[in-house]
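When the letters of the sequence shown are read in order and numbered with this note's numbering, they come out as residues 772 to 1172.
Just below is one structure, and these are the notes that go with it.
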Amino acid sequence: MPIRFEGGLLFRCVLLLVILVLAGSERSFGQSPLDIRRSFSQELSTILLDSPELYASQGPDRGWLGVVLAVPGTSIAPMAEAYNGLSGDLARSLVYASTFDRTLQVRDGFAFFTVRTLDAVWSDLLRRSIPSSVAPAVTNTWSRWLFREPDNVELARRTIPYRAPSEYLIKYREYQLAFENLMAGRNGDAWKTDPKLAGYRTFDQAQRALLQDWTTFGYRNEIDRAQRSFQAATQTKAWSRWSESRSMYDLNVVPINLTAVAPQTVLLPPPTSWGLVSSWVRLQSRVAGVSQPISFQLQRVKLERPWLNLGALIDGSLAVDATSPENQGYVLSTGAQPTFEKSPEGEAAVLVEELLLVRGIHPPDSSASVPFSSHPLALFASPDAINLIGYVVRVLPKFPR
């Protein structure tokens, strides 16, 4: 009897252990699609942002970077077709503005774009953030080098640009950009890809020639003196930073008509390079709820917005007077901690910084098809095609502060 009792006890212990293991296994593999989506988003955030959290803090009052999945069926075809089939900056700018240059909201790990464009939000912000102090006087001594006068059409329509850059300043910026590209590529031959520098054999020759051309044809001395005079006249950092943000916007938009413009957003790498093998990395996804890991290739595409001076917004250089009657109720971002379920409220609390493209989606033991599961990667009908899986997004801190 004692032996049978001990044996029965041992059997019951083993049976209980098996039940616990199976229960744990069932919980592991019984994940809901929402839980699988959450795990995959966290997996991408760990890989791409080196963050143990879904949203990586960028520092006090500097916002967050995070990974958000695209709604199934979101297509990158319009952008690729615009780049390959449409000529001119205007056509491409319009397509980009209508796709990913829009504000978005996050719900349950998915990105939902709103109808309002970032261009409209930024133009409104520049208007609201004009410093309340008296603007520095514009004198004939240096103003003509920096700002252009409104033409007759603008005067008639009363669409007078606020200190739009002059033709001299635009030419100056062209040479300034070429010089920056030259210095950035001085350790290799990358500088030779610039049309202004392609004819020079050595870096030293290119540097001397570019500085001379900048002085002769790019109004270097005149603009430098005018900028020093302007900065001395402003006497406030607020006007200086606001003018810088305004100039960045004005220099990087394409006119649509007499009263509307489209901002120039650049994709890096461009769609023509998306198919190159060197731009893809091989990864594996191992999330609970999926019976086997899924291998795939991923590419990050940066959205460069030279017209959007985000740094000035984050560091506080641009400020909105919340006590002004005009700004009552204006909230760009509440600055609330973003979560998988929800993003902060505001005019533009979240914006896309990178597109995450995937292809070559296969389980390790099969190259024929994607397993039928709730994994986001398994939802693509063509696993070898280039698909959009999600975005790296920036969540803005509280603004106005």
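Beta carbons: idealized from backbone N, C-alpha and C, even for Gly.
This one's a predicted model, so the numbers in the text were calculated from it and none came from an experiment.
DSSP places residue 1058 in no beta strand (DSSP E); its state is neither H nor E. Listed in chain order, the alpha helix (DSSP H) elements of length 4 or more contained wholly in the segment 800-830 are 804-820. Contact check for residue 1067 against residue 1132 passes: the beta carbons are separated by less than 8 Å.
When rounded, the separation of the alpha-carbon atoms in residue 1106 and residue 839 is 18 Å. In this structure, residue 834 and residue 1165 form a Cβ contact; the two beta carbons are roughly 6 Å apart against a cut-off of 8 Å. When secondary structure is reduced to three states using DSSP, residue 1048 falls in the helix class. Exposure of residue 1063 is indicated by the presence of fewer than 16 other C-beta atoms within 10 angstroms of its C-beta. Considering only 1146, 1145, 1081, 1116, the residue with the shortest C-alpha distance to residue 894 is 1081.
Residue 837 counts as buried, since at least 16 other C-beta atoms from the protein chains shown sit within 10 angstroms of its C-beta. Closest option to residue 871, judged by alpha-carbon separation, among 967, 938, 1072: 1072.
Two segments are said to touch when three or more pairs of C-beta atoms, one from each, lie closer than 8 Å; by this definition the segment 981-989 touches the segment 940-950. In the DSSP assignment, residue 1082 falls outside any beta strand (DSSP E) and within the unbroken alpha helix (DSSP H) covering 1081-1085. Secondary structure note for residue 1162: its beta strand (DSSP E) is the uninterrupted segment 1158-1166. Here DSSP, grouped into helix, strand and coil, assigns residue 883 to strand. Annotation for residue 1023: 1035, 1077, 1078 place their beta carbon closer than 6 Å to its own, counting only its chain and skipping 5 residues before and after. Only residues of its own chain outside the window of five on either side were considered, and among them 1150 have a CB closer than 6 Å to the CB of residue 843, listed in chain order.
If the five residues before and after residue 1098 are omitted, its C-beta is found closer than 8 Å to the C-beta atoms of 899, 1091, 1092, 1171, all from its own chain and listed in chain order.
In the DSSP assignment, residue 841 falls within the beta strand (DSSP E) that extends over 835-841. DSSP places residue 915 inside the alpha helix (DSSP H), whose first and last residues are 914-917.
Within the DSSP secondary-structure output, residue 1170 pairs in a beta bridge with 1104.
Distance check between residue 807 and each of 998, 879, 1096 places 879 closest, using alpha-carbon atoms only. Assigned with DSSP and collapsed to three states, residue 1024 falls in strand. Following the DSSP letters along the chain, one finds residue 983 inside the alpha helix (DSSP H) bounded by residues 974-988. Taking 8 Å as the upper bound for CB-CB distance, residue 875 and residue 1103 are not in contact here, some 14 Å apart. Checking the DSSP bridge columns, you'll see residue 1133 partnered with 1066.
With respect to the C-alpha of residue 825, the residue from 952, 1109, 995, 1129 having the closest C-alpha is 1109. CA-to-CA, the gap between residue 938 and residue 919 works out to about 7 Å. Straight-line measurement puts the Cα of residue 1038 at about 23 Å from the Cα of residue 941. Residue 964 sits in a helix when the DSSP states are folded into three classes. The three-state reading of DSSP puts residue 920 in coil, since its state is none of H, G, I, E or B. In the displayed model, residue 874 falls within a strand according to three-state DSSP.
Shortest Cα-Cα distance from residue 1123 to any of 802, 818, 888 involves 888.
The beta carbon of residue 963 lies closer than 7 Å to those of 969 in the same chain, with the five residues before and after it left out. With contacts defined by Cβ atoms closer than 8 Å, residue 1069 and residue 1052 form a contacting pair. The distance from the Cβ of residue 1160 to that of residue 1121 is about 17 Å, inconsistent with a contact at the 8 Å cut-off. The Cβ-Cβ distance between residue 1089 and residue 998 does not fall below 8 Å.
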